[in-house]
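Contents: one structure, followed by commentary.
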Amino acid sequence: MRFTTATVAIAALLSAASTSIVADDSSASARAIRRRRRVNSSKALKLNAQAQDVFQNSAVAEGKDEVAEAAAMKMKKGKGGYEVWGADQSNSVAGETPAGVKGSFLWVWDSESIADQLAGGADATPLSCTPNDTVGPCNLLDIFPQDLKEVGSHAALEDLTAFGRLHGVINDPSNLYVTANIFAPSGGYVGIIDTKTKEAIALFRVTKTTGNASGRSVHMSFWSTDGSAILVDNLHGKMIERIDVTRDKKGKIIDLVFNKSAGVYLGTGFSAVAEATAFNGNNAFGNPLIGSVSGSYADA
């Protein structure tokens, strides 16, 4: 895969876009996140200015390769690094006939590798997400090991249906975590991944309802502006559901609770037939997942 000169502006904007607004909060955690964001914002603005300068010059430049090389060098010298995350909905299991039903790939590139490619070097190398691999892409079935167990049923993830089609990854306000939205109809899985280590920290399955023949699916999810909640779009379940997030003073997630009481039905005449669940077990790094389910659908 090759990058064009347009990637320069996009990459710089990604750095700036990582700076989100946190709602007013007197907690030490929120103040720390705001301070860190102001510093990152300053770096991102400088990087954006460099990219804009290169793009303005490219309008009169005759050689695109020279423009790309100049842009790459400016970006590489910048102090604000970044990563580009890409969700690949392909099956990561050979022999599956339908598209997007079993596994997926996550592609992560860092700014140094991208800058090398833009300067004329080899293709950017995707990063690994597991301790046993040196490069990516990352197999969804490795990020979320298939021996994870569903709380309640004790079923292994590998024995459950429709764990596939990574539809998108959405970063939290502090860029410490992303949600992994796994969209295969009737599946309904949403995971949380640590952006630094690339390891899974939690996995949930949303509510199954009578609102659609497929019952449930996770089309996408979004973080609240202060990072204290995740709103999950249960498309085939016709619900918006919520995961409550607890962090320590440094913004690290220390607890995740799927709150059944916070669910919103998008319509009438249907109901829940299978409750939301969490998964336990160890991730690819041998660390235990966190997460639980609480509340009552009667309050939803």
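Each residue of the sequence shown is one higher than the one before, starting from 0 at the first, in numbering that gives the first Met the number 0. Ideal placement from N, C-alpha and C gives every residue a C-beta, glycine not left out. If you're wondering where the values come from, they're calculated on a predicted model, not measured in any experiment.
Look up residue i in the DSSP assignment and say whether it is helix, strand or coil.
i, result
"A297", "helix"
"A277", "strand"
"D115", "helix"
"D158", "helix"
"S103", "coil"
"S291", "strand"
"S110", "helix"
"L165", "strand"
"A271", "strand"
"C137", "strand"
"R37", "Low confidence applies to R37: its pLDDT is 48, below 50, so where it sits in the model is not reliable, and the reading given next is rough at best. R37: helix per DSSP, three-state reduction."
"G285", "coil"
Based on DSSP bridge pairs, tell me the residues matched to residue i.
i, result
"G151", "In DSSP, G151 forms no bridge with anything."
"I142", "DSSP output for I142 lists no bridge partner at all."
"A86", "L105"
"A93", "Answer by DSSP bridge pairing: none, since A93 is not bridged."
"N258", "R241 and S293"
"L265", "In DSSP, L265 forms no bridge with anything."
"I252", "R246"
Leaving out five residues on either side along the sequence, give the residues of the same chain with a beta carbon under 7 Å from the beta carbon of residue i.
i, result
"Q325", "In the structure as shown, the chain starts at 0 and stops at 299, and residue 325 therefore has no counterpart that could be examined."
"S213", "P184, S185 and H235"
"S220", "I169, T178, N180, V189, I229, L230, V231 and D232"
"T160", "S185 and G186"
Quick one: what's got a C-beta closer than 8 Å to residue i's C-beta in the same chain, skipping five residues either side?
i, result
"A121", "D115"
"S295", "K259 and S260"
"E82", "V107, W108, D109, S110, L126 and T194"
"D132", "D141"
Considering only residues of the same chain and omitting the five flanking positions on each side of residue i, which have a CB-CB separation below 6 Å?
i, result
"A201", "I191, L255, L288, I289 and G290"
"K197", "C128"
"K101", "N90, V92, E95 and G163"
"R204", "G187, Y188 and T276"
"E157", "Q145"
"D247", "I253"
"V292", "F257, A275 and A277"
"I242", "I229, L255 and F257"
"L147", "L156, F278 and G280"
"E240", "V205, V231, N233 and G262"
Which whole-angstrom value is the C-beta distance of residue i and residue j, which I expect to be below 8 Å?
i, j, result
"C137", "T124", "Rounded, the Cβ-Cβ distance is 13 Å, inconsistent with contact."
"G135", "W106", "6 Å"
"G262", "A299", "4 Å"
"F257", "A283", "Contact flag wrong, Cβ pair sits at about 22 Å."
"A155", "T206", "With 8 Å as the limit, A155 and T206 do not qualify as a contact, their Cβ atoms being about 21 Å apart."
"T208", "M238", "6 Å"
"H218", "F182", "6 Å"
### Task
Would you mind listing the beta strand (DSSP E) stretches within the region 169-246 that are 3+ residues and don't spill past its ends, in chain order?
176-181, 188-193, 199-204, 217-222, 228-233 and 238-246
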